[in-house]
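>
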Amino acid sequence: MDNKPSLSQYFGETEVPPASQFFDEIGTSPSDMIQSVYLGESEVSQPAASNLFPTNMTASFSQLKVSDEMKFGSVVPTVSGTTALPATSLPDPSTFFDTIGPEPQMAMSGIATPNILSEAMDGLAVKDQPVDKEADRRRDAWIPNEETKKVLLKAQSVPKGAFFPEREALTLPGVIFEEELPDSLHAVAVKYLGVSAAGRGGMTRADSCRGAGEAGLRELLRTGCLRAAINLSATLLAQHKQGAGRCGRLPGARHSARALQLWLARFCAMLRVRLAAQAAQEAEAFGDCGQPDMYYEFYPDQYENRTGSLVPFALRLLIAEMPAHAGQPEKALPSLYAVLAVVQQMLVNLNAGKTEDGTATLPSEQDRAESIRLWSGRETRVQHSIVNCAIALKDYRLASKIISGLQERASSPAQRRALASALCRLWLLGGHCRAAAKHLQEARDLRQHLCPTPDVREYVDLGLLEVAQGRYKEAYENFIKANDQEPTNIMVANNLSVCLLYMGRLKEAISVLQSAINSAPERGLSEHLLLNLCTLYELESSKNMDKKLNLLRMLCKYKSDTIPNVMECLKLS
């Protein structure tokens, strides 16, 4: 958060603030835009479908006033946002780094779904050896450009040891951000609580993992010690000759899938702690991931008869998105459309019965179906990234066009309903209440085919529409109904608190947020909920430091180093 939120502007004003300013930043910061959504067959089996705009559309009293439309500034909103992940909700190390074999129907929470940080962990947990020839081909497939094809053909045709590529054919990445990052939560706790009260949980874990290699990195990511993970990733990349001082320097290192997984993990962690500019600088060396040395065919002596790209799809997509994370979505759009064009050409080839690159015939109908499922899901992920950029650029028509296209191709009522709800929230972001109401009604009609009574998603949509029109009492009633169905839903609790504040019930607003944190501290201690609560504390009384320090103690007890700026979050500065 670049700006400090304020409540004072809302009091003494007669006009209703614009609709778009009531949507909380939970899940909308650049550091959270590192995930995608694969729409599964049902909302029950595929939570991704029900998580379109799950929490970034929550009403908020902690944003600065804007004019007619929401001013994102450096904020890049996401199609499917997520709150900061508590340590316990991060996947087990065995599920971390890009999946080997057919990509599953993405059902991980929160782009948050699939969680790209989880994909990064999945890849490091798997050995380099192929597990299935067709699955490897399917996962690694990519269509090289013409110049790259020529270089790859030459690499495979010359005798061993006789191939000497030009510098232009090489990718020469290296660690640029060399600063050793401290545990920021521990540093703040020592300053305000003292050494004994601060404890050493996160620092002890970081020290123990420092010499444990990739397993240590997975553990740091799993437990939320993100800054320590960034530090360790630099050490591990140095072992691959891609560490500090190696960017752009010859001789270049031989690339491997594992080194690229390390880069994926590093970039994800950097974005989560808001080091987007530094991550973007390091990512520049990869270009569009299309250089010849990014393909297995470039190393025939090491990967005999194996084809495709060494680059995990999650890393390819993240690098294409990187300018948007750094506050330049207009620069990300051409890269994302280039990725989308290749994915769509691969789908054309698959539908014609050929392999993804169009060079051979698929061995079986089952293989073709699996490949189409995988790459259709990846096509959707790229389209969600384009929607994110469109929203950041306030091009709501482009975002609506893409989501509407996804809705037309949706294979189940649950998907169509989720996308109608997403369109409702999209137009609320744009301040178009009439269009939002139209899509809300569409979502309600589709819901009736799934269940006879409204669910949490519908009550939240109704509440947001009421908030957008300044009807806080009616919005509160809808959020109460949502809360009755999901008492532990942090987003709903935050919305309830906002409505209570605007209804003049400050103490109740504080009580709702406190209860949300106390009932589920590992989930409730999210950055934006804490910021809202501390803002309320300041509104309630100037003697609020003890309450803020109690929250700091809870952070030390339940959280790791996952919050980008603890000082701003608790308003201690």
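This note's numbering applies: residue 8 is where the sequence shown begins, and numbers increase by one. Where a beta carbon is used, it is the ideal one built from N, C-alpha and C, also for glycine. On a predicted model such as this, the values are computed, not experimentally measured, just so you know.
1. What's the call for cysteine 563, buried or exposed, on a 16-neighbour Cβ count within 10 Å?
2. Determine the DSSP secondary structure at glutamate 126, reduced to helix, strand or coil.
3. Which residue wins for smallest C-alpha separation from leucine 472, given the options Gln448, Arg253, Asp295?
4. Hey, quick one: how far does the alpha helix (DSSP H) through threonine 387 stretch, first residue to last?
5. Using the three-state DSSP reduction, which class does alanine 443 fall into: helix, strand or coil?
6. Per DSSP, which residues does valine 182 bridge with? Please list them.
7. If you draw a straight line from the alpha carbon of cysteine 254 to that of glycine 315, how long is it in whole angstroms?
8. Helix or strand or just coil, what does DSSP make of tyrosine 302?
9. Could you check the C-alpha separation between serine 81 and alanine 287 for me, to the nearest Å?
10. What did DSSP end up calling threonine 362 once you bin it into helix, strand or coil?
11. How many Å lie between methionine 574 and leucine 537 at the Cα?
12. Sort Pro336, Ala327, His262, Arg281 by Cα distance to tyrosine 303 and report the nearest one.
13. Please list the terminal residues of the continuous alpha helix (DSSP H) segment that includes glutamate 515.
14. Determine, for valine 505, whether the minimum Cβ-Cβ distance to residues of chain D falls below 8 Å.
15. Sort Ser378, Leu347, Ala348 by Cα distance to asparagine 358 and report the nearest one.
16. Where arginine 273 and alanine 205 are concerned, what is the direct C-alpha to C-alpha distance, given to the nearest angstrom?
17. Since isoleucine 150 is in the alpha helix (DSSP H), which residue starts that stretch and which ends it?
18. Return the chain-ordered list of same chain residues with a C-beta closer than 6 Å to the C-beta of glutamate 289, the five sequence neighbours on each side being excluded.
19. Short of 7 Å in beta carbon distance, which residues of its chain neighbour tyrosine 585, apart from the five on each side in sequence? Order them along the chain.
20. Work out the CA separation of valine 519 and leucine 322 for me, nearest whole Å.
21. Suppose you measure from the CA of threonine 308 to the CA of valine 318; what does that come to, to the nearest Å?
22. Helix, strand or coil, according to DSSP, for threonine 460 in the structure here?
23. Tell me, to the nearest whole angstrom, how far the beta carbon of valine 463 is from that of glutamate 493; I am working on the premise that it is less than 8 Å.
24. If we ignore side chains and look at the alpha-carbon of each, how far apart do arginine 432 and valine 394 end up?
25. Once DSSP output is grouped into helix, strand and coil, what is the label at serine 548?
26. Which partner residues of threonine 368 appear in the DSSP bridge assignment?
27. Going by other Cβ atoms of all chains shown within 10 Å of its Cβ, with 16 needed for buried, is phenylalanine 171 buried or exposed?
28. Between the stretch 322-341 and the stretch 154-168, are three or more C-beta pairs nearer than 8 Å?
29. What does DSSP give as the partner residue(s) for serine 316 in the beta ladder?
30. Here's a check: name, in chain order, each residue in its chain whose Cβ is nearer than 8 Å to the Cβ of tyrosine 558, leaving out the five neighbours to either side.
31. Between which two residues does the alpha helix (DSSP H) holding methionine 510 run?
32. Does the distance from the C-beta atom of alanine 276 to that of leucine 228 stay below 8 Å?
33. Is glutamate 173 helix, strand or coil by DSSP?
34. With DSSP collapsed to three states, give me the class of arginine 190.
35. Could you compute how far the alpha carbon of threonine 230 sits from the alpha carbon of arginine 530?
36. Please list, in chain order, all residues of the same chain as arginine 385 whose beta carbon is under 7 Å from its beta carbon, the five residues on each side excluded.
This is what the structure holds:
1. Taking the sequence shown and counting its residues from 1, one reaches residue 563 at position 556. Buried, since its Cβ has 16 or more Cβ neighbours within 10 Å.
2. Taking the first residue of the sequence shown as 1, we reach residue 126 at position 119. Glutamate 126: helix per DSSP, three-state reduction.
3. As a first step, residue 472 must be located in the sequence shown, where it is residue number 465. Among Gln448, Arg253, Asp295, the Cα nearest to that of leucine 472 is on Gln448.
4. Residue mapping note: residue 387 aligns to position 380 of the sequence shown, counting from 1. Boundaries of the alpha helix (DSSP H) harbouring threonine 387: 372-399, taken from the DSSP string.
5. Here residue 443 refers to the residue found at position 436 of the sequence shown. In the three-state DSSP reduction, alanine 443 falls in the helix class (H, G or I).
6. In the sequence shown, counting from the first residue as 1, residue 182 sits at position 175. Partner(s): Ala251.
7. Counted from its first residue, the sequence shown places residue 254 at position 247. Counted from its first residue, the sequence shown places residue 315 at position 308. Between the alpha carbons of cysteine 254 and glycine 315 lies a gap of roughly 24 Å.
8. Translated into positions along the sequence shown, residue 302 becomes position 295. Tyrosine 302 falls in the strand class under three-state DSSP.
9. By 1-based counting over the sequence shown, the position of residue 81 is 74. By 1-based counting over the sequence shown, the position of residue 287 is 280. With a pLDDT of 28 at serine 81, under the threshold of 50, the modelled position of that residue is not reliable, and no figure is offered here.
10. As a first step, residue 362 is located in the sequence shown; it is residue number 355 there, counting from the start. If DSSP states are grouped into helix, strand and coil, threonine 362 belongs with coil.
11. Here residue 574 is taken as the residue at index 567 of the sequence shown, counted from 1. Here residue 537 is taken as the residue at index 530 of the sequence shown, counted from 1. When rounded, the distance between both Cα atoms is 11 Å.
12. Locating residue 303 in the sequence shown gives position 296, where the first residue counts as 1. Per the Cα distances, His262.
13. Here residue 515 is taken as the residue at index 508 of the sequence shown, counted from 1. Per DSSP, glutamate 515 is one residue of the alpha helix (DSSP H) stretching across 513-526.
14. Absent here is chain D; the protein component of the structure consists of one chain.
15. Reading the sequence shown from its first residue, position 351 is the one you call residue 358. When only C-alpha atoms are compared, the closest one is Ser378.
16. As a first step, residue 273 must be located in the sequence shown, where it is residue number 266. As a first step, residue 205 must be located in the sequence shown, where it is residue number 198. C-alpha separation (whole angstroms): 27 Å.
17. Counting from 1 along the sequence shown, the entry for residue 150 is found at position 143. It is not in any alpha helix (DSSP H) - isoleucine 150 carries neither H nor E in the DSSP assignment.
18. As a first step, residue 289 is located in the sequence shown; it is residue number 282 there, counting from the start. Excluding positions up to five away in sequence, the list reads Ile183.
19. Since the first and last residues shown for the chain are 8 and 580, residue 585 lies out of range.
20. Numbered from 1 along the sequence shown, position 315 holds the residue referred to as residue 322. Numbered from 1 along the sequence shown, position 512 holds the residue referred to as residue 519. Taking the straight line joining both Cα atoms gives about 40 Å.
21. Position 301 of the sequence shown, counted from the start, is the residue given in the question as residue 308. Position 311 of the sequence shown, counted from the start, is the residue given in the question as residue 318. According to the sequence displayed, residue 308 carries aspartate and not threonine. If you take the alpha carbons of aspartate 308 and valine 318, they lie about 19 Å apart.
22. The residue you call residue 460 lines up with position 453 of the sequence shown. DSSP, reduced to helix, strand and coil, places threonine 460 outside both helices and strands of the structure shown, so it counts as coil.
23. Taking the sequence shown and counting its residues from 1, one reaches residue 463 at position 456. Taking the sequence shown and counting its residues from 1, one reaches residue 493 at position 486. Confirmed, about 5 Å.
24. Here residue 432 is taken as the residue at index 425 of the sequence shown, counted from 1. Here residue 394 is taken as the residue at index 387 of the sequence shown, counted from 1. C-alpha separation (whole angstroms): 13 Å.
25. Working through the sequence shown from its first residue, we reach residue 548 at position 541. Coil, per DSSP.
26. Reading the sequence shown from its first residue, position 361 is the one you call residue 368. According to DSSP, residue pairing for threonine 368 in a beta bridge involves Lys361.
27. Within the sequence shown, the letter at position 164 stands for residue 171. By the neighbour-count definition (other C-beta atoms within 10 Å, threshold 16), phenylalanine 171 is an exposed residue.
28. The answer is no - the stretch 154-168 does not touch the stretch 322-341, with fewer than three Cβ pairs under 8 Å.
29. Position 309 of the sequence shown, counting from 1, holds the residue named residue 316. DSSP, once it has assigned bridges, lists Tyr302 as partnering serine 316.
30. Reading the sequence shown from its first residue, position 551 is the one you call residue 558. Residue identity check: residue 558 is leucine in the sequence provided, not tyrosine. Apart from sequence neighbours up to five positions away, the residues of its chain that approach leucine 558 with a beta-carbon distance below 8 Å are Ile524, Leu532, Leu537, Leu540, Cys541, Leu577, ordered along the chain.
31. For the purposes of this step, residue 510 is identified with residue 503 of the sequence shown, where counting begins at 1. Per DSSP, methionine 510 lies in no alpha helix (DSSP H) segment and is marked neither H nor E.
32. Sequence index remark: in the sequence shown, residue 276 carries index 269 (1-based). Sequence index remark: in the sequence shown, residue 228 carries index 221 (1-based). With respect to the 8 Å criterion, alanine 276 and leucine 228 are classified as neighbours on the basis of their beta carbons.
33. For the purposes of this step, residue 173 is taken as residue 166 along the sequence shown, with counting starting at 1. DSSP, read as helix, strand or coil, puts glutamate 173 in coil.
34. Here the question's residue 190 lines up with position 183 in the sequence shown. Residue identity differs from the one stated: residue 190 is aspartate in this sequence, not arginine. Residue state, collapsed to three classes: coil.
35. As a first step, residue 230 is located in the sequence shown; it is residue number 223 there, counting from the start. As a first step, residue 530 is located in the sequence shown; it is residue number 523 there, counting from the start. Rounded to the nearest whole angstrom, the CA to CA distance from threonine 230 to arginine 530 is 14 Å.
36. Mapped onto the sequence shown, residue 385 falls at position 378. The beta carbon of arginine 385 sits closer than 7 Å to those of Phe320, Val350, all from its chain and outside the five residues before and after it, given in chain order.
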